[in-house]
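A.B. asks:
Numbering (our numbering), first residue to last: 296 to 445.
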């Protein structure tokens, strides 16, 4: 089984999110951004990402790999409290027995358990909510168009 990173997902999601933010922030109204080399590289990365997802490697696909890692973590015995921080990376091999889990959410689920993942998601959701609440109070027009990025 080959090790698959999040490269294919990143090649698809980053250009999509970039273009979506351009449209939502109003920068798309100015057509000078079409001459930007970053835009052209983004389109190339987007097309390459789509091609990678349509025709994945012969051995396995990225989605199958992520599903396999979730199944592996769920079948572990300590899913509620987790195995401890650092046990899903090879950096902590001198301290404890480690497992190599590549994707972010299965790694979090393995290390801190379902309760830790829920607490982490609650904190992140709260930070996003509070940031959005304070960004709505802005009066500067340049910063108002960037609110959607947060």
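Where is the CB? At the ideal position from N, CA and C, for every residue including glycine.
Where does residue 368 land, buried or exposed, given buried means 16+ other C-beta within 10 angstroms?
C.D. replies: buried
A.B. asks: Can you tell me the Cβ-Cβ gap for residue 341 and residue 375, rounded? I've got them flagged as a contact below 8 Å.
C.D. replies: About 40 Å; that fails the 8 Å criterion.
A.B. asks: How would you call residue 370, buried or exposed, if buried means at least 16 neighbouring beta carbons within 10 angstroms?
C.D. replies: exposed
A.B. asks: Looking at the structure shown, is residue 383 part of a helix, part of a strand, or coil, going by DSSP?
C.D. replies: coil
A.B. asks: So, helix, strand or coil for residue 373, using DSSP?
C.D. replies: coil
A.B. asks: Run through DSSP, which three-state label would residue 396 get?
C.D. replies: coil
A.B. asks: Do you know offhand how far residue 385's Cα is from residue 435's?
C.D. replies: 47 Å
A.B. asks: Whole angstroms is fine: what's the gap from residue 378's alpha carbon to residue 335's?
C.D. replies: 44 Å
A.B. asks: Residues in the same chain with beta-carbon distance under 8 Å from residue 415, minus the five sequence neighbours each way, listed in chain order, please.
C.D. replies: 403, 407
A.B. asks: Tell me whether the beta-carbon of residue 313 lies closer than 7 Å to the beta-carbon of residue 337.
C.D. replies: Yes.
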